[in-house]
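Student:
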Amino acid sequence: MPLNVYNTLTRRKEPFEPIHPGKVGIYVCGPTVYGHSHLGHAKSYVGFDAIIRWLEFSGYAVNYVQNITDVGHLTDDADEGEDKVTKEARRRGLHPMAIAETYTRSYLDDMDAMNIRRPDVMPRATGHIPEQIACVQTLLDKGHAYEVNGAVYFDVSSFSRYGRLSRRIVEDMDAGARVEVNPDKKHPSDFALWKRAEEGHIMRWSSPWSVGYPGWHVECSVMSQKYLGETFDIHGGGIENQFPHHECEIAQGECATGKPFCRYWLHNNMCTINGQKMGKSLGNFVLLKELFYTGHDLLEKTFEPVVVKHFVLTSNYGAPLDFSNDALKAAESGSYKLRDAARELSRAALSGSPKPRAEKIRTALEDIEKRFTDAMNEDFNTAAALAVLFDLAKQSGAWISEGAGQEDLLAADTLMQRLTGDALGLKWPSPLGGDAESSNQDDLIRLLADLRDQARKNKDFALSDQIRDRLASMGVQLRDTPDGTKW
RNA sequence: GGCGGCGUACCCAAGUGGACUAAGGGGACGGAUUGCAAAUCCGUUAUACAUGGGUUCGAAUCCCAUCGCCGCCUCCA
């Protein structure tokens with residue numbers, strides 16, 4: 009079955025066909041680095057991680073570009089004109105570039121913790137000012153933009169397809185519903201390509217029009233086309249940016265080159281917390297570092313990054329997702345169950361007995377892989393794919409207890425690793441941290457487990473429980489099974 | 001006010017016209033196993049898909065209305 013993706017441009021699922029066979033160029037809107045990453049970032053980038061990984065798993069050579077926005081954002085609708093990076097810089101008495109650097113690293117730390125594949129290119133807006141100026145100049149030259157007092161605006165009336173992505177009709181929109189209309193603009197829908205810097209604005213560059221800074225939308229058009237070509241395969245981003253940001257990207261990109269901008273638009277949906285929109289003023293704003301490490305008032309406990317990733321994958325990237333303590337706890341139990349089954353399988357595969365392969369297991373594994381593949385090929389249905397993994401976990405447990413041969417167990421183990429580790433990027437840390445395989449941790453635990461078993465045989469349950477409890481406090485869970493003690 | 005999306009069991013959630021007698025995870029309950037745990041295994045847990053109409057031989061899936069929730073509505077989120 010071929011890969012089908014839901015394309016916002018056409019509002020339907022369609023077969024995915026890359027421009028160049030075997031290769032995929034994908035651009036995903038990255039974060040604005042003025043603060044630590046929050047739940048919304050986890051939802052968004054876990055979703056796109058699954059997409060990137062699945063494209064690679066399917067054999068495509070993927071070129072993944074994700075920008076870092078380090079200039080040019082309003083603080084909020086009510087707050088006139090100051091950019092968020094600059095505001096944070098002033099608050100902390102640092103240069104804006106130090107703020108951008110700090111939070112770029114913070115973002116990458118959080119994403120790495122969830123084992124999210126890093127982009128191949130992470131271009132920064134401030135590192136592409138000349139390219140943005142060139143793009144603005146091209147748009148002026150082609151009659152798609154006009155200059156007023158050192159600012160340059162895109163002329164929406166010059167691009168008839170404006171509004172096609174978000175299905176909006178320019179005339180029908182209630183201009184000024186949220187923000188005062190700028191009197192310099194010919195039409196309220198026109199948007200800024202370049203702005204003149206006011207007195208005291210730190211982030212400023214020379215341009216043919218003024219000393220100023222670029223409009224937000226232009227960076228994405230320029231950087232995506234620079235690294236992926238004038239027309240590329242996939243553009244991803246949050247659904248809240250569908251309008252106006254993505255609409256503007258298309259307008260700029262297509263007017264500058266005269267070519268289609270991007271073929272498939274994939275939009276990630278939003279998340280809520282306890283059913284409510286997350287907002288700083290609502291007091292329900294949860295940072296990933298709080299979720300992972302330090303805790304938050306709305307949550308009973310912290311959750312491992314892999315658990316958070318698992319939770320996000322239980323719903324579709326295009327559907328909204330509600331974070332709550334209960335939902336995260338459920339995902340945690342599920343994630344650990346899958347983790348333990350996978351570990352059990354790896355261990356069993358190492359010590360399995362030599363036997364000819366069983367047809368039953370061979371066909372079962374083929375069936376698992378097919379169902380998983382079908383699920384992911386249907387617009388990256390990670391929830392259905394996870395269900396298949398739970399089935400593999402259940403079946404492999406039965407094979408182990410039936411005494412399946414080593415070859416079969418190795419085949420099952422390999423499939424489990426490929427689907428959990430490669431396709432979904434679920435990576436559970438080893439119990440004591442570090443790399444369990446390369447140390448003698450396992451041997452030490454074995455030693456303690458053996459000593460405990462001797463104590464149990466002697467009915468010295470005080471000692472055996474003490475060993476179990478102390479290992480548990482270090483993160484090692486001992487379990488007595490009919491086949492001996494495991495962890 | 002306009003546009004778009006969503007509403008599936010106690011919770012999360014997949015499924016978008018017939019293979020649905022509605023995945024999967026969590027939780028709960030019963031049983032097996034067990035020194036106790038934990039884990040595992042077996043079984044039970046939606047005649048039902050927000051509500052009300054309609055289309056169809058057939059609808060969770062399509063149409064209309066209502067209710068609820070979410071996002072966007074213009075410029076530098």
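Position 349 of the first sequence, counted from 1, bears residue number 357 in this note's numbering, the numbering being contiguous throughout.
In this text, a Cβ means the ideal position worked out from N, Cα and C, and glycines have one as well.
Leaving aside the five residues before and after Lys-2 along the sequence, list all residues of the same chain whose C-beta is less than 7 Å from its C-beta, in chain order.
Tutor: There is simply no residue 2 to check, as the chain begins at 9 and stops at 495 in what is shown.
Student: What are the residues that DSSP puts in a beta bridge with Glu-22?
Tutor: Partner(s): Val-13.
Student: Between His-318 and the rest of its own chain, which residues show a CB-CB distance below 6 Å, the 5 nearest in sequence each way excluded?
Tutor: Closer than 6 Å at Cβ, skipping near neighbours: Ala-339, Ser-343.
Student: According to DSSP, which residues form a beta bridge with Arg-132?
Tutor: Bridge partners of Arg-132: Ile-76.
Student: In the structure shown, what three-state DSSP assignment does Asp-399 receive?
Tutor: Note: Asp-399 maps to helix in three-state DSSP.
Student: Assuming Tyr-42 and Lys-92 make a contact with CB atoms under 8 Å, what is their CB distance in whole Å?
Tutor: The Cβ separation is near 4 Å, so the contact holds.
Student: Drop a sphere of 10 angstroms on the beta-carbon of Glu-88, count the other beta-carbons inside from all chains shown, and report buried for 16 or more, exposed for fewer.
Tutor: At Glu-88, the pLDDT of 43 sits below 50, so the modelled position is not reliable; the number obtained from the coordinates is stated separately. Looking at its Cβ environment, which holds fewer than 16 other Cβ atoms inside 10 Å, Glu-88 is exposed.
Student: Based on the DSSP output, what are the partners of Asp-330 in its beta bridges?
Tutor: Asp-330 is bridged to Thr-280.
Student: What does the Cβ neighbour count give for Ser-472, buried or exposed, with the cut at 16 atoms within 10 Å?
Tutor: Classification of Ser-472: buried, given that the 10 Å Cβ count is 16 or more.
Student: In terms of alpha-carbon separation, which member of Ile-27, Thr-77, Phe-398 lies closest to Lys-345?
Tutor: When only C-alpha atoms are compared, the closest one is Phe-398.
Student: Leaving out the 5 sequence neighbours to the left and right, which residues in its chain are closer than 8 Å to Tyr-301 when beta-carbon positions are compared?
Tutor: Result list for Tyr-301: Thr-310, in chain order.
Student: Pull up the DSSP beta-bridge partners for Thr-489, would you.
Tutor: Gly-492, per the DSSP bridge assignment.
Student: Just list the residues that DSSP pairs Ser-361 with in beta bridges.
Tutor: Paired residues: Gly-413.
Student: Would a C-beta distance cut-off of 9 Å place Leu-173 and Phe-162 closer than the cut-off?
Tutor: Going by C-beta atoms, Leu-173 is not nearer than 9 Å to Phe-162.
Student: Would you tell me roughly how many angstroms separate the C-alpha atoms of Tyr-71 and Lys-31, rounded to the nearest one?
Tutor: Reading off the sequence, residue 71 comes out as Asn, not Tyr. The straight-line gap from Cα to Cα measures roughly 8 Å.
Student: So what's Leu-102 in DSSP terms, helix, strand or just coil?
Tutor: Looking at Leu-102 - three-state DSSP - the assignment turns out to be coil, as it is neither helix nor strand.
Student: Need the endpoints of the alpha helix (DSSP H) that Glu-367 sits in, please.
Tutor: From DSSP, the alpha helix (DSSP H) with Glu-367 extends over 367-385.
Student: Compare the beta carbon distance of Ala-133 and Cys-279 with 9 Å and say whether it is the shorter of the two.
Tutor: Not closer than 9 Å, so no.
Student: Taking the C-alpha atoms as reference points, what is the distance between Ala-205 and Arg-212?
Tutor: Taking the straight line joining both Cα atoms gives about 6 Å.
Student: Let me know the secondary structure DSSP gives Leu-307 once reduced to three states.
Tutor: Coil, per DSSP.
Student: Select from Leu-400, Ala-200, Lys-288 the residue whose C-alpha is nearest the C-alpha of Asn-157.
Tutor: Nearest C-alpha to Asn-157: Ala-200.
Student: Counting C-beta neighbours from all protein chains within 10 Å, is the total for Thr-381 16 or more, i.e. buried, or is it exposed?
Tutor: So Thr-381 ends up on the buried side.
Student: What's the gap between the Cα of Leu-274 and the Cα of Arg-379?
Tutor: Cα-Cα distance, rounded: 23 Å.
Student: Would you call the segment 351-360 and the segment 398-413 touching, i.e. three or more CB-CB distances under 8 Å?
Tutor: Cβ pair count under 8 Å is three or more, so yes.
Student: Is the separation between the beta-carbon of Ile-141 and that of Pro-216 shorter than 9 Å?
Tutor: Yes; because the gap between Cβ atoms is below 9 Å, this pair is in contact.
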